[in-house]
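Chains as they are written, first to last, in the numbering used here: chain A, 2 to 243; chain B, 2 to 243. Quick reminder that beta carbons are idealized off the backbone N, C-alpha and C, glycines included. If you're wondering where the values come from, they're calculated on a predicted model, not measured in any experiment. First the structure, in the form of structure tokens, and then the observations on it.
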DNA sequence: CCGTCGGATTGACGGTGGTCAAACCCGGCC
DNA sequence: GGCCGGGTTTGACCACCGTCAATCCGACGG
């Protein structure tokens with residue numbers, strides 16, 4: 002495969018050498034022997050998407066694995082009418098591994114939340130690569146396992162916690178701090194966050210208000226958490242315990 | 002209770018050849034070359050559990066992969082106090098793949114819903130086997146992917162559907178039929194089903210009552226669905242459409 | 001036969017969060 | 001400036017579901 006087509010004006014383009022270097026730092030590929038990368042990426046392409054673009058829709062056939070190189074993507078699920086955000090991805094994450102492997106239609110659609118750059122690995126060569134490289138297989142297993150555990154947390158939260166607790170958990174996920182106070186910027190508009198947390202935008206607004214009792218102060222898209230440890234206690238304890 | 006002492010003197014025992022034959026038919030291993038099985042299973046053991054036994058608890062360290070050979074197991078998640086059923090497994094399923102791979106503590110506990118037989122594959126040899134057998138790796142990826150997609154469905158259902166729609170979906174999952182009518186037996190007691198669907202037992206009772214309008218008749222643990230296609234429409238359409 | 005126990009149902013009540021509507025805020029644009 | 005549009009907030013209302021309690025039912029053991 003000739004990898005030296007220098008410039009391409011189109012949104013779709015084959016990988017250039019500098020892009021391969023970027024891809025090599027993605028967790029999914031970082032454990033691989035460097036010389037095996039070009040083979041895996043031979044049929045891959047990089048696509049740029051503007052903010053708001055739909056990458057694919059729920060129900061479409063999964064023909065490629067996607068790796069987010071830059072920007073943010075939201076995975077949304079819809080049931081006749083209303084829509085929710087199942088997961089929000091940051092740069093470096095691979096997504097819809099499960100759909101590609103099972104060869105079944107997407108259960109979620111994907112929307113660019115910011116301008117972004119996405120690597121697309123067609124299904125067939127990917128499966129070949131997995132069969133040929135135990136290391137890649139383990140990488141994919143690990144990546145899928147991490148997302149799986151996020152979903153398990155999500156299911157538990159949806160079944161057992163209130164909206165305020167889920168929002169608190171979401172906020173805590175935005176800061177690495179485990180105690181003390183924290184100030185952070187919301188990474189998306191509130192409508193997206195609401196669907197992510199599993200409530201309507203109106204409810205999110207009210208829930209933010211009630212979280213003031215837990216030491217959460219909001220102004221625009223800036224949030225101040227007075228005591229991270231206390232907020233953490235709030236979302237793990239039963240509602241009765243303040 | 003103690004009538005089976007003759008089969009197995011101890012709850013734990015190494016695999017016998019006839020058991021290897023059973024394991025070979027489990028989907029996770031069925032694609033493997035038969036001669037590779039004994040190596041993988043060298044350090045595995047089979048454990049019997051009585052109904053109600055806790056196999057492991059949420060928070061425990063994941064030291065082995067579990068494969069359900071016979072019986073039913075419920076995976077439960079708890080958040081300070083209340084508990085929910087995240088997944089119910091039937092014979093042939095592997096479980097907690099994700100926890101074993103990431104090496105992190107279980108996010109869920111496991112309880113035997115019936116008497117059951119479980120294969121336990123210790124973590125280290127399993128990882129070795131994966132690295133050595135691309136075929137096994139792909140099997141595990143496929144298995145994990147299938148469970149992943151079940152969880153995605155679950156998250157979407159919890160966020161976007163009412164309790165009646167989730168119960169309807171659960172009932173539809175119990176029959177292979179896509180149209181016509183169906184009669185089925187509930188495979189668990191109603192408390193377990195309630196936690197599976199994500200409601201209290203009291204609510205489940207009432208929801209069953211409301212589903213009569215959708216052609217669902219319940220008597221004890223027997224359920225009759227007058228029109229499967231109609232019920233299917235009910236849980237995919239918006240609530241307004243009767 | 002009766003008492004007990006666990007599961008299931010029914011009733012009454014209240015809280016959480018969805019719905020609909022109006023108001024509000026703020027940046028872009030004519 | 002005034003106008004517009006999207007995102008956000010607020011208010012009023014109520015459906016859905018959780019909670020607590022009483023009751024019912026079948027299985028089991030006395």
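(request) Go through the stretch 115 to 170 of chain B residue by residue and report every complete run of the beta strand (DSSP E) that reaches 3 residues or more, in order. (result) Correct list: 117 to 123.
(request) Report yes or no: do the stretch 134 to 141 of chain B and the stretch 186 to 201 of chain B share at least 3 C-beta pairs separated by less than 8 Å? (result) Cβ pair count under 8 Å is below three, so no.
(request) Using the Cα positions of residue 224 of chain B and residue 20 of chain B, report the straight-line distance between them to the nearest angstrom. (result) Cα-Cα distance, rounded: 36 Å.
(request) With DSSP as the reference, label residue 86 of chain A as helix, strand or coil. (result) Strand, per DSSP.
(request) Determine which residues share a DSSP beta bridge with residue 19 of chain A and list them. (result) Answer by DSSP bridge pairing: none, since residue 19 of chain A is not bridged.
(request) Would you list the one or two residues that DSSP bridges to residue 77 of chain A? (result) Looking at the DSSP assignment, residue 77 of chain A forms a beta bridge with A:86, A:110.
(request) Indicate whether at least one CB of chain A lies closer than 8 Å to the CB of residue 199 of chain B. (result) Chain A, which has a Cβ nearer than 8 Å to the Cβ of residue 199 of chain B, makes this yes.
(message) If I measure Cβ to Cβ from residue 198 of chain B and keep anything under 6 Å in the same chain, skipping five residues before and after, which residues do I get?
(response) Around residue 198 of chain B: 167, 168, 171.
(request) Can you give me the start and stop residues for the alpha helix (DSSP H) that residue 234 of chain A sits inside? (result) Segment 229 to 237, the alpha helix (DSSP H) holding residue 234 of chain A.
(request) Grab the span of the beta strand (DSSP E) containing residue 224 of chain B for me, first residue to last. (result) Where residue 224 of chain B is concerned, the enclosing beta strand (DSSP E) stretches over 223 to 226.
(request) Name, please, each residue of chain B whose Cβ falls closer than 9 Å to the Cβ of residue 154 of chain A. (result) Contact of residue 154 of chain A with chain B by beta-carbon distance below 9 Å involves 78, 108.
(request) Measure how close the beta-carbons of residue 114 of chain A and residue 201 of chain A come, nearest whole angstrom, since I'm counting them as under 8 Å. (result) Between residue 201 of chain A and residue 114 of chain A the Cβ distance is about 19 Å, and since that is not below 8 Å, they are no contact.
(message) Looking only at its chain, what residues have a beta carbon closer than 7 Å to the beta carbon of residue 118 of chain A, apart from the 5 residues adjacent to it on each side?
(response) The residues 47, 49, 70, 71, 72, in chain order, have a CB closer than 7 Å to that of residue 118 of chain A in the same chain once the five nearest residues on each side in sequence are set aside.
(message) Comparing C-alpha positions only, which one of A:39, A:227, A:146, A:62 sits nearest to residue 94 of chain A?
(response) If you compare the alpha carbons of A:39, A:227, A:146, A:62 with that of residue 94 of chain A, the shortest gap goes to A:146.
(request) May I ask you to report which of helix, strand or coil DSSP gives residue 26 of chain A? (result) Residue 26 of chain A: coil per DSSP, three-state reduction.
(request) Give the interface partners of residue 162 of chain A over in chain B, defined as CB-CB distance under 9 Å, in chain order. (result) Chain B residues near residue 162 of chain A: 80.
(request) Identify the continuous alpha helix (DSSP H) that holds residue 203 of chain B and give its terminal residues. (result) Taken as a continuous stretch (DSSP letters only), the alpha helix (DSSP H) holding residue 203 of chain B covers 202 to 211.
(request) Tell me, please, whether the CB atom of residue 87 of chain A is closer than 8 Å to any CB atom in chain B? (result) By this cut-off, residue 87 of chain A is an interface position.
(request) Could you tell me whether the Cβ atoms of residue 218 of chain B and residue 181 of chain B are closer together than 8 Å? (result) For residue 218 of chain B and residue 181 of chain B, no; Cβs fall outside 8 Å.
(request) Could you confirm whether any beta carbon from chain B is found closer than 8 Å to the beta carbon of residue 1 of chain A? (result) Not covered by the structure: residue 1 of chain A. The range shown for chain A is 2 to 243.
(message) Can you give me the C-alpha to C-alpha distance between residue 175 of chain A and residue 98 of chain B, rounded to a whole angstrom?
(response) Spanning the two alpha carbons is a distance of roughly 27 Å.
(message) Using C-beta distances below 6 Å, list every residue in its chain close to residue 78 of chain A, excluding the 5 sequence neighbours before and after it, in chain order.
(response) Cβ neighbours of residue 78 of chain A beyond the five flanking positions: 85, 87, 109.
(request) Name the residue from B:91, B:75, B:132 whose alpha carbon lies nearest to the alpha carbon of residue 102 of chain B. (result) In terms of Cα proximity to residue 102 of chain B, the closest of B:91, B:75, B:132 is B:132.
(request) Determine, using beta carbons only, whether residue 114 of chain A comes closer than 8 Å to chain B. (result) Chain B, which has no Cβ nearer than 8 Å to the Cβ of residue 114 of chain A, makes this no.
(message) Tell me which residues of the stretch 123 to 152 of chain B have at least one Cβ-Cβ distance to chain A shorter than 8 Å, keeping chain order.
(response) Considering only beta carbons, the part of the stretch 123 to 152 of chain B lying closer than 8 Å to chain A consists of 128, 131, 132, 133, 134, 135, 136, 138, 139, 141, 142, 143, 145, 146, 147, 148, 149, 150, 152, in chain order.
(request) Tell me, to the nearest whole angstrom, how far the beta carbon of residue 57 of chain A is from that of residue 111 of chain A; I am working on the premise that it is less than 8 Å. (result) With 8 Å as the limit, residue 57 of chain A and residue 111 of chain A qualify as a contact, their Cβ atoms being about 6 Å apart.
(request) Give a yes or no on whether 8 Å exceeds the smallest Cβ distance from residue 191 of chain B to chain A. (result) At a cut-off of 8 Å between beta-carbon atoms, residue 191 of chain B makes no contact with chain A.
(request) Compare the beta carbon distance of residue 194 of chain A and residue 205 of chain A with 8 Å and say whether it is the shorter of the two. (result) Here residue 194 of chain A is near residue 205 of chain A, since their CB atoms are less than 8 Å apart.
(request) Note the first and the last residue of the continuous alpha helix (DSSP H) segment covering residue 42 of chain B. (result) Where residue 42 of chain B is concerned, the enclosing alpha helix (DSSP H) stretches over 38 to 42.
(request) Hey, could you find the ends of the alpha helix (DSSP H) residue 103 of chain A is sitting in? (result) Following the DSSP letters along the chain, one finds residue 103 of chain A inside the alpha helix (DSSP H) bounded by residues 98 to 103.
(message) Which residue wins for smallest C-alpha separation from residue 40 of chain B, given the options B:31, B:129, B:82?
(response) For the residues B:31, B:129, B:82, the minimum Cα distance to residue 40 of chain B belongs to B:129.
(request) Provide the residue span of the beta strand (DSSP E) that contains residue 196 of chain A, from first to last. (result) Per DSSP, residue 196 of chain A belongs to no beta strand (DSSP E); it is in the alpha helix (DSSP H), 191 to 198.
(message) If you reduce the DSSP assignment to three classes, tell me which class residue 220 of chain B lands in.
(response) Under the three-state reduction of DSSP, residue 220 of chain B is assigned to strand.
(message) If I measure Cβ to Cβ from residue 159 of chain A and keep anything under 7 Å in the same chain, skipping five residues before and after, which residues do I get?
(response) 199.
(request) Please work out which residues of its chain come closer than 7 Å, Cβ to Cβ, to residue 37 of chain A, disregarding the five sequence neighbours upstream and downstream, and give them in chain order. (result) Taken in chain order, the residues that qualify are 134.
(message) Spatial neighbours of residue 208 of chain A within its chain, please: C-beta separation below 6 Å, excluding the five flanking residues on both sides.
(response) Excluding sequence neighbours, residue 208 of chain A sits near 164, 165, 168.
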